[in-house]
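Undergrad: Residue numbers (the working numbering), protein chains in the order written: chain V, 53 to 166; chain L, 74 to 188.
C-beta: ideal position from N, C-alpha, C; glycine also.
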Amino acid sequence: KQEVTQIPAALSVPEGENLVLNCSFTDSAIYNLQWFRQDPGKGLTSLLLIQSSQREQTSGRLNASLDKSSGRSTLYIAASQPGDSATYLCAVKKSNFGNEKLTFGTGTRLTIIP
Amino acid sequence: AAGVIQSPRHLIKEKRETATLKCYPIPRHDTVYWYQQGPGQDPQFLISFYEKMQSDKGSIPDRFSAQQFSDYHSELNMSSLELGDSALYFCASTSRTGDNTGELFFGEGSRLTVL
Chain V
53 KQEVTQIPAA LSVPEGENLV LNCSFTDSAI YNLQWFRQDP GKGLTSLLLI
103 QSSQREQTSG RLNASLDKSS GRSTLYIAAS QPGDSATYLC AVKKSNFGNE
153 KLTFGTGTRL TIIP
Chain L
74 AAGVIQSPRH LIKEKRETAT LKCYPIPRHD TVYWYQQGPG QDPQFLISFY
124 EKMQSDKGSI PDRFSAQQFS DYHSELNMSS LELGDSALYF CASTSRTGDN
174 TGELFFGEGS RLTVL
């Protein structure tokens, strides 16, 4: 059974700093990995999608990397802003047919201090 | 661009009542997923449908049922509601054709409160 862990559970950093969020998964046989952002009581916004054959994806100030063999992904946020404060969730997908559900990590609650 | 639409956004029910949540996927998406997120928890997979057939099943209680209709919208029916069913219920959709990236797009969720 796939287990996804995110460390740290919570993180507070001053505005302007660069930061890294970590995600680890136990079963390296994945189809893809998605990073999401969730504001309190709100929906899940997809930030980045990395296919199993890819090493990284970038969108603006965000960069996500994937090391499938070691079961790890990182989300790098450059020049953090107060608006980045949210919970960040990673999720892995085992297959695109059949066992295709996303398994979510426990999330990292990020607070950017102005 | 059109997103995943969920209704109602908020729902308050009494114990033992029934509730129905609706999900309208992104146009041309053929696969729908339902997730439940309790307070302070990560989303838990309930069930998914591809081309109107159940494709995967997670920790969905027997009191819950779901289906996908010919227009690809989906409904989650919950009966004999319990206090523990209070949660955010998310629907997500994807397309298994096209670019086949497998990316899931989530709706804003339906918040169910059971009193």
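Which residues share a DSSP beta bridge with residue 95 of chain L?
TA: Partner(s): L:80, L:148.
Undergrad: Kindly identify the DSSP beta-bridge partner or partners of residue 133 of chain L.
TA: None; residue 133 of chain L has no bridge partner.
Undergrad: Apart from the five residues just before and just after residue 78 of chain L, which ones in its own chain have a Cβ nearer than 6 Å to its Cβ?
TA: These residues qualify, in order along the chain: 97.
Undergrad: For residue 133 of chain V, return the contacting residues in chain L, with the cut-off set at a CB-CB distance below 8 Å.
TA: Those within 8 Å of residue 133 of chain V in chain L number zero; the least Cβ separation is about 23 Å.
Undergrad: According to DSSP, is residue 145 of chain V helix, strand or coil?
TA: The answer is strand: DSSP assigns residue 145 of chain V an E or B state.
Undergrad: I think residue 125 of chain V touches residue 117 of chain V, with their Cβ atoms under 8 Å apart; what is that distance to the nearest whole Å?
TA: Confirmed, Cβ separation roughly 6 Å.
Undergrad: For the segment 146-164 of chain L and the segment 153-164 of chain V, state whether three or more C-beta atom pairs, one from each stretch, are separated by less than 8 Å.
TA: No, the segment 146-164 of chain L does not touch the segment 153-164 of chain V.
Undergrad: Looking only at its chain, what residues have a beta carbon closer than 8 Å to the beta carbon of residue 71 of chain V, apart from the 5 residues adjacent to it on each side?
TA: Answer for residue 71 of chain V: 63, 65, 128, 129, 132, 162, listed in chain order.
Undergrad: Short of 6 Å in beta carbon distance, which residues of its chain neighbour residue 129 of chain L, apart from the five on each side in sequence? Order them along the chain.
TA: Contacts found: 121.
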